[in-house]
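Here the structure is laid out as structure tokens; the discussion comes afterwards.
Numbering (full-length UniProt numbering), first residue to last: 1 to 403.
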């Protein structure tokens with residue numbers, strides 16, 4: 001997966017496109033033509049990120065749909081998936097040659113209609129007698145088939161992951177923030193969905209036999225309200241709605257006393273659709289922020305929200321399918337911040353840390369987990385990192401199960 005950024009302040013084509021007299025899509029750090037031809041892409045007037053951000057991010061990304069489903073399955077009640085008909089396209093193929101953002105720069109370019117082929121010359125010393133089948137064929141890594149095997153979590157891994165996921169309910173009730181919803185995300189403006197999720201989390205913490213029916217009706221009412229308003233969401237309202245639905249799913253899926261698991265399981269499909277559209281909008285709709293800190297908080301909160309929504313469905317799969325997590329192909333390639341410690345800082349501390357260029361670096365879940373070894377220091381992990389590592393490395397390192 002590669003992330004690339006298109007800045008509205010950079011107007012000049014890269015040097016390679018100018019030299020070749022080709023239209024440049026202004027992709028940053030590498031335009032599409034240079035990426036396809038494996039050239040070093042340089043711009044004559046590249047500048048650093050400014051304090052006020054207006055950035056469109058172009059993505060070559062796996063869509064949030066497992067390999068074995070070409071498109072999200074229809075929910076039992078089609079009225080719960082309002083976003084399915086809003087004109088967005090959820091790509092059915094994870095590996096695609098064209099940009100999924102569909103921005104005007106690439107669509108107007110004659111070179112963007114099909115991928116440029118890269119041919120390797122045959123070695124001059126090729127011996128046709130010893131190799132009658134012909135010269136070796138070089139295939140770009142992005143075109144290779146993706147092979148994966150199911151991940152089966154142990155009972156201890158599932159239990160530890162469940163405890164951490166369910167811990168988001170009291171965290172939101174007591175502090176108004178969680179490991180996927182930054183405390184500064186809504187400090188200037190609070191969406192209704194955010195306020196409702198805090199209120200219902202607080203009510204759930206006071207759950208008794210007498211108020212369970214009130215809690216059930218309140219959750220149903222809030223979810224129906226989200227569905228009815230989904231056509232008019234701004235990007236930030238969309239994010240808040242997904243974050244709220246995650247809370248409602250955790251309550252309903254993992255508390256059988258409420259008797260709401262069957263409906264919640266159906267709403268997993270709705271959550272999948274909402275998140276897929278949120279992911280697309282994130283890369284297609286530019287957002288303005290007062291400073292780099294607010295920009296980073298929004299982006300990382302959204303990335304963590306998307307990852308947790310897939311993680312939640314994976315844990316539910318493990319609970320109901322004997323430990324099998326069916327979301328591994330998607331989870332493994334979702335991005336998170338390269339430095340998780342930045343999440344813990346207040347704005348005054350955050351700005352004093354490493355340069356912006358380092359702060360905006362991301363790594364995939366798979367790359368993050370692969371760097372963990374038995375000698376790594378558990379004490380240096382954040383709570384978010386512990387959640388991610390327990391699920392994928394808990395069997396290799398039992399220390400993670402008790403930290």
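Note that beta-carbon positions come from the ideal geometry of N, C-alpha and C, so glycine has one too.
Subject >> Distance between beta carbons of residue 369 and residue 389, contact taken as under 8 Å >> reply: Numbered from 1 along the chain shown, position 389 holds the residue referred to as residue 389. Numbered from 1 along the chain shown, position 369 holds the residue referred to as residue 369. The pair is a contact, with the Cβ atoms about 6 Å apart (cut-off 8 Å).
**OP:** Have a look at residue 162 and residue 328 and give me their C-alpha separation to the nearest angstrom.
**Re:** Residue numbering aside, residue 162 sits at position 162 when the chain shown is read from its first letter. Residue numbering aside, residue 328 sits at position 328 when the chain shown is read from its first letter. Using only the alpha carbons, I get a separation of about 17 Å.
Original post:
Alpha carbon to alpha carbon, how far is residue 18 from residue 33?
Top reply: Taking the chain shown and counting its residues from 1, one reaches residue 18 at position 18. Taking the chain shown and counting its residues from 1, one reaches residue 33 at position 33. C-alpha separation (whole angstroms): 12 Å.
Original post:
Among the residues of its own chain, which have a CB less than 6 Å from the CB of residue 16, if the five just before and after it don't count?
Top reply: Your numbering for residue 16 matches position 16 in the chain shown. Closer than 6 Å at Cβ, skipping near neighbours: 34 and 39.
Subject >> For residue 22 and residue 346, the rounded distance between their alpha carbons >> reply: Your numbering for residue 346 matches position 346 in the chain shown. Your numbering for residue 22 matches position 22 in the chain shown. So the two alpha carbons sit approximately 46 Å from each other.
Original post:
First and last residue of the beta strand (DSSP E) that includes residue 337?
Top reply: Translated into positions along the chain shown, residue 337 becomes position 337. Segment 335-337, the beta strand (DSSP E) holding residue 337.
Original post:
Grouping DSSP H, G and I as helix and E and B as strand, with all else coil, what is residue 371?
Top reply: The residue given as residue 371 occupies position 371 in the chain shown. Looking at residue 371 - three-state DSSP - the assignment turns out to be coil, as it is neither helix nor strand.
Subject >> residue 185 beta carbon less than 8 Å from that of residue 273 >> reply: On the chain shown, residue 273 is found 273 positions in, with the first residue counted as 1. On the chain shown, residue 185 is found 185 positions in, with the first residue counted as 1. In this structure, residue 185 does not lie closer than 8 Å to residue 273 by Cβ.
Subject >> Simplified DSSP assignment, three categories, for residue 381 >> reply: As a first step, residue 381 is located in the chain shown; it is residue number 381 there, counting from the start. In this structure, residue 381 counts as coil in the three-state DSSP scheme.
Original post:
Around the C-beta of residue 380, are 16 or more other C-beta atoms found within 10 angstroms, so that it is buried, or is it exposed?
Top reply: On the chain shown, position 380 is the one that residue 380 refers to. Residue 380 counts as exposed, since fewer than 16 other C-beta atoms from the protein chains shown sit within 10 angstroms of its C-beta.
Original post:
How long is the line joining the alpha carbons of residue 183 and residue 343, rounded to whole angstroms?
Top reply: Here residue 183 refers to the residue found at position 183 of the chain shown. Here residue 343 refers to the residue found at position 343 of the chain shown. Cα to Cα, residue 183 sits roughly 9 Å from residue 343.
Subject >> Close-in-space but distant-in-sequence residues of the same chain around residue 78 (CB under 6 Å, 5 per side omitted) >> reply: As a working note, residue 78 is residue 78 in the chain shown. Model confidence at residue 78 stands at a pLDDT of 39, short of 50, so the residue's coordinates are unreliable and nothing is read from them.
Original post:
Cα-Cα, which of 240, 214, 373 and 265 is closest to residue 178?
Top reply: Within the chain shown, the letter at position 178 stands for residue 178. Looking at the Cα atoms, 240 is the closest of the given residues.
Original post:
If you draw a straight line from the alpha carbon of residue 251 to that of residue 209, how long is it in whole angstroms?
Top reply: As a working mapping, residue 251 is identified with position 251 in the chain shown. As a working mapping, residue 209 is identified with position 209 in the chain shown. Each residue's alpha carbon lies about 15 Å from the other.
Original post:
Straight-line CA distance for residue 312 to residue 326?
Top reply: As a first step, residue 312 must be located in the chain shown, where it is residue number 312. As a first step, residue 326 must be located in the chain shown, where it is residue number 326. Spanning the two alpha carbons is a distance of roughly 11 Å.
Subject >> Where residue 93 falls: helix, strand or coil (DSSP) >> reply: The count along the chain shown starts at 1 and reaches residue 93 at position 93. Any reading at residue 93 is ruled out, since the residue's pLDDT is 30, under 50, leaving its predicted position unreliable.
Original post:
What number of angstroms, rounded off, separates the C-alpha of residue 261 from the C-alpha of residue 319?
Top reply: On the chain shown, residue 261 is found 261 positions in, with the first residue counted as 1. On the chain shown, residue 319 is found 319 positions in, with the first residue counted as 1. Their backbone Cα atoms lie some 12 Å apart in a straight line.
Subject >> Enclosing beta strand (DSSP E) for residue 243 [first to last residue] >> reply: In the chain shown, the residue the question calls residue 243 occupies position 243. In the DSSP assignment, residue 243 falls outside any beta strand (DSSP E) and lies within the alpha helix (DSSP H) extending over 235-254.
Original post:
Considering only the beta carbon of each residue, do residue 304 and residue 180 sit closer than 8 Å?
Top reply: Along the chain shown, one-based indexing puts residue 304 at 304. Along the chain shown, one-based indexing puts residue 180 at 180. For residue 304 and residue 180, yes; Cβs fall inside 8 Å.
Original post:
Identify the residues that DSSP records as bridge partners of residue 41: which are they?
Top reply: The residue you call residue 41 lines up with position 41 of the chain shown. Answer by DSSP bridge pairing: none, since residue 41 is not bridged.
Subject >> Separation of residue 213 from residue 359, as counted between CA atoms >> reply: The residue given as residue 359 occupies position 359 in the chain shown. The residue given as residue 213 occupies position 213 in the chain shown. Rounded to the nearest angstrom, the two C-alpha atoms are 46 Å apart.
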